[in-house]
Amino acid sequence: MKAQFHLALPCLSISRTKTFYTESLGATIGRSAQNWIDINLFENQITFTKSGPFHFDYKSYSFNGDILPSFHFGVILNNDQWTQVLQTLKSKHIKSLTEVQFLQDKTGAHASFFVKDPNDYTVEFKCFNNNQDVFKC
């Protein structure tokens, strides 16, 4: 069964968050009010609620020589969608864009890129070489 996810996160600025997700990532807006907004990110709902300053303390980890954030969220896209989002971000000169190849020539091989949003969240976009390998060991 295919299902959508919902994620609720605090944010610093509703307007900056809206601009980043719509203009940089191509997301659409769902319901919203003065202090919160629902973002439709590839048919998944992220609710951002204005909270003022906040801090998540987490350590990064190393994978094949790349330093990656342990706290992040993201979506798995097909190759066309993944390439389109990556090219859009590059054309907008979005800072903190990191591209990584995982498990090359192995089950679960995929390309990822990570980008920071205006709230300092890391968003990952994955594209598997074989979509059947998403959960394979």
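Per my numbering, the sequence shown starts with residue 228, numbered consecutively. Glycine included, every Cβ here is placed at the ideal spot set by N, Cα and C. Predicted model, so just to flag it, every value in this text is computed and none were measured.
#### Entry: Alpha carbon of leucine 234 to alpha carbon of glutamate 270, nearest angstrom
Approximately 12 Å between the Cα atoms of the pair.
#### Entry: Proximity below 8 Å, CB of alanine 338 to CB of leucine 330
no
#### Entry: Burial state of valine 361 (16 or more Cβ within 10 Å)
exposed
### Query
When burial is assigned at 16 or more other CB atoms within 10 Å of the CB, is cysteine 354 buried or exposed?
buried
### Query
For tyrosine 288, which residues of its own chain have a beta-carbon under 7 Å away from its beta-carbon, when the five flanking residues on both sides are left out?
Leu295 and Ser297
### Query
First and last residue of the beta strand (DSSP E) that includes asparagine 271?
Boundaries of the beta strand (DSSP E) around asparagine 271: 271-277.
#### Entry: Distance between aspartate 344 and tryptophan 309 (C-alpha atoms, nearest Å)
17 Å
### Message
Taking 6 Å as the limit between beta carbons, can you name the residues of its chain near asparagine 305, skipping five residues before and five after?
### Response
none
### Cutoff 8 Å; reference glutamine 231; Cβ partners in own chain excluding five residues on either side
Cβ within range, chain order: Glu270, Asn271 and Gln272.
#### Entry: Close-in-space but distant-in-sequence residues of the same chain around isoleucine 321 (CB under 8 Å, 5 per side omitted)
For isoleucine 321, where only same-chain residues beyond five positions count, the Cβ hits under 8 Å are Ser251 and Val342.
### Query
Using the rule of at least 16 other Cβ atoms within 10 Å of the residue's Cβ for burial, across every protein chain shown, is phenylalanine 290 buried or exposed?
exposed
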